[in-house]
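Some notes on the structure that comes next.
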């Protein structure tokens, strides 16, 4: 498996129709209660870990993991003791 870098993630995301790429740094032990976003998301966890809750399903994400989330889907986030760095592509 090749290691993803920001340039490759950005190129792939733009080719897939995403129009914005951000590097998000999340604080240790941060909890974001249930919310939605007005955009589709493709994300890659670079550092740290967190738990993404969708309804009753909890996904434990750590460095090297990726996920997608459609716009307007209710979800919650809880970050680990070291926080997390996540590359996020958005389709606005």
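Numbering (the working numbering), first residue to last: 577 to 668.
Note that beta-carbon positions come from the ideal geometry of N, C-alpha and C, so glycine has one too.
Cα-Cα separation between residue i and residue j, rounded to whole angstroms
{"i": "residue 608", "j": "residue 655", "result": "9 Å"}
{"i": "residue 624", "j": "residue 596", "result": "22 Å"}
{"i": "residue 587", "j": "residue 630", "result": "28 Å"}
{"i": "residue 663", "j": "residue 633", "result": "22 Å"}
Delimiting residues of the alpha helix (DSSP H) encompassing residue i
{"i": "residue 590", "result": "582–591"}
Spatial neighbours of residue i in its chain, beta-carbon cut-off 6 Å, leaving aside the 5 residues before and after
{"i": "residue 642", "result": "620"}
N-terminal and C-terminal residue of the beta strand (DSSP E) that residue i is part of
{"i": "residue 637", "result": "633–638"}
{"i": "residue 600", "result": "596–602"}
{"i": "residue 665", "result": "651–667"}
{"i": "residue 619", "result": "616–630"}
Exposure of residue i, with buried meaning 16 or more beta-carbon neighbours within 10 Å
{"i": "residue 646", "result": "exposed"}
{"i": "residue 599", "result": "exposed"}
Same chain, Cβ closer than 8 Å to residue i, five either side skipped, listed in chain order
{"i": "residue 661", "result": "599, 600, 601, 602, 621, 622, 623, 624"}
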